[in-house]
Amino acid sequence: MKEDVLDVLLYIFENFQDEDSSHILANDNLVEALEDVGFTDGEIKGAIDWLDGLVLATSETFKPSAEADQSIRLFSAHEQLILSPAVQGAIMYFEQRGILDAHAREMVIDRMTALGQQEDEEVALERLRWVVMMVLFNMQDRDAEFAWVENLEGGARAH
Numbered sequence: 514m515k516e517d518v519l520d521v522l523l524y525i526f527e528n529f530q531d532e533d534s535s536h537i538l539a540n541d542n543l544v545e546a547l548e549d550v551g552f553t554d555g556e557i558k559g560a561i562d563w564l565d566g567l568v569l570a571t572s573e574t575f576k577p578s579a580e581a582d583q584s585i586r587l588f589s590a591h592e593q594l595i596l597s598p599a600v601q602g603a604i605m606y607f608e609q610r611g612i613l614d615a616h617a618r619e620m621v622i623d624r625m626t627a628l629g630q631q632e633d634e635e636v637a638l639e640r641l642r643w644v645v646m647m648v649l650f651n652m653q654d655r656d657a658e659f660a661w662v663e664n665l666e667g668g669a670r671a672h
């Protein structure tokens with residue numbers, strides 16, 4: 514998915530922070546507001562599809578089993594093609610720090626793969642930071658974790 518879709522998502526995230534994704538998608542004026550600021554139909558559709566996926570991932574049907582919190586997550590071959598080793602490491606770092614639980618981790622992986630591969634490592638890590646924040650924002654009682662990620666300097670570096 515092109516970087517432009519991420520621009521639309523960031524615009525939505527920054528301008529509709531008071532609403533979770535399901536309420537944002539129900540906003541009849543969303544498409545018109547996005548068109549008014551200059552986003553194209555393709556960019557808007559891509560962002561809405563991405564948000565639909567986030568809403569689906571937030572549902573209980575997507576939630577991993579209780580054993581997932583004590584298991585080791587291995588990335589599939591498809592995920593390894595899309596997510597660089599640095600991004601994979603950062604996701605595991607967030608999990609080890611307690612920022613992501615198994616459910617949030619799977620949501621982040623799902624939404625990162627939906628955005629597609631990013632060649633530039635710096636951009637990929639910054640993209641991960643924003644995806645983690647969007648996922649945490651859509652989960653209940655994750656304010657402290659959200660603030661921790663929001664205050665990260667230099668993207669999602671795990672150093």
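Quick note: the sequence shown uses our numbering, first residue 514, plus one each step.
Heads up, the beta-carbon is just placed ideally off N, CA and C, and yes, glycines get one too.
Values in this document were obtained by computation on a predicted structure and should not be read as measured data.
By alpha-carbon positions, which one of ALA599, VAL521, LEU613 ends up nearest to ASP558? This sequence places Lys at residue 558; Asp is not what is there. With distances taken between Cα atoms, LYS558 lies closest to VAL521.
Give a yes or no on contact between the stretch 582-602 and the stretch 621-638, applying the rule of three or more CB pairs nearer than 8 Å. yes
To the nearest angstrom, how far is the alpha carbon of GLN630 from that of ILE595? 4 Å
Classify LEU519 as buried or exposed, calling it buried when 16 or more other Cβ atoms lie within 10 Å of its own Cβ. buried
Against chain C, does ASP517 count as a neighbour if the rule is that its beta carbon must be under 8 Å from one of theirs? The structure shown has no chain C; it contains just one protein chain.
Residue ranges of each alpha helix (DSSP H) within the stretch 525-606, 4 or longer: 534-539, 543-549, 554-571, 590-595
How big is the Cα-Cα spacing for HIS672 and ASP541? Only weak support exists for where HIS672 lies, its pLDDT of 42 falling under 50; the value from the coordinates is given anyway. Going by the C-alpha atoms only, they are around 42 Å apart.
Output yes or no for whether 8 Å exceeds the beta carbon distance between LEU538 and MET647. no
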